[in-house]
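Shown next, in structure tokens, is the structure this report addresses.
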Amino acid sequence: MVRRLDYSARYPLRTSHELYATLADQDYWEARMAEMRKHSPNHLTAFSVSENGIRAEVRHVVPRDLLPDLARTVLRKDMEITRVENYGPEGAQVEGSYTATIPSAPGSLGGTMRLFTTETGCTLRYSSVAKVNIPFVNRSLEQLILVNLVELFRAEAEFTEQWLSERKPVGEPG
């Protein structure tokens with residue numbers, strides 16, 4: 114079975130251009146990983162910007178002792194997650210996708226992203242799909258993955274808003 118989840122990170126009073134410029138800034142990604150390292154090892158492993166868009170690859174490590182009991186029954190060591198985010202070229206609406214892979218994990222996680230302008234600012238919407246291939250626990254693990262994914266997206270959005278506020282306070286020209 115597959116579980117789906119949509120999550121919207123809203124940035125009131127921010128333009129899509131501002132958010133895209135932030136996502137295209139390697140310093141932003143390095144700072145985001147430094148913030149996430151307060152919780153567990155996280156690193157930016159690859160980053161590029163071209164006329165085709167933005168590509169960022171990050172590695173998250175979740176120590177096994179921090180995993181929920183259900184996840185520890187499947188994973189015998191720390192959970193290493195490689196997440197690759199791809200954003201298309203900047204435009205009125207930016208389409209993207211992401212994948213998250215866990216070596217030796219029996220399943221998949223990924224989805225699409227869409228950055229667009231709203232009446233009050235801009236939104237980055239994630240549409241995620243989780244699939245676990247283990248009978249009897251697949252539904253519980255898929256739900257667990259998506260609940261934790263929402264918390265991760267929320268923390269990243271809060272960091273992004275803080276990053277933007279420190280560099281360009283709302284209402285400041287330029």
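If you count the sequence shown from 1, you need to add 113 to reach this note's numbering.
Glycine residues also receive a C-beta, built at the ideal position from the N, C-alpha and C atoms.
As the structure is a prediction and not an experimental result, all values here were calculated from the model.
Quiz item: Is the number of C-beta pairs between the stretch 138-145 and the stretch 231-248 that are closer than 8 Å three or more?
Solution: no
Quiz item: Taking DSSP as the reference, what is the three-state secondary structure of His152?
Solution: It is coil, neither helix nor strand.
Quiz item: With burial defined as no fewer than 16 other Cβ atoms inside 10 Å of the residue's Cβ, what is the status of Gly224: buried or exposed?
Solution: buried
Quiz item: Buried or exposed: which applies to Leu179, given that a residue is buried once 16 or more other Cβ atoms fall within 10 Å of its Cβ?
Solution: Exposure of Leu179 is indicated by the presence of fewer than 16 other C-beta atoms within 10 angstroms of its C-beta.
Self-check item: Contact set for Thr128: own chain, Cβ-Cβ below 8 Å, skip 5 residues either direction
Solution: If we look at Thr128 and ignore the five residues flanking it on each side, its Cβ neighbours are Thr230, Gly234 and Cys235.
Quiz prompt | Between the CA atoms of Gly166 and Ala213 - distance to the nearest angstrom | solution = 19 Å
Quiz item: Relative to the alpha-carbon of Ala122, which residue among Glu198, Glu170 and Val263 has its alpha-carbon at the smallest distance?
Solution: Ranking Glu198, Glu170 and Val263 by Cα distance to Ala122 puts Val263 first.
Quiz prompt | Nearest to Asp191 (by Cα), restricted to the options Leu222, Lys151, Glu269 and Arg172 | solution = Arg172
Quiz item: Going by DSSP, what residues sit across from Gly293 in a beta bridge?
Solution: Beyond the ends of the chain as shown, which are 114 and 287, falls residue 293; an answer cannot be given.
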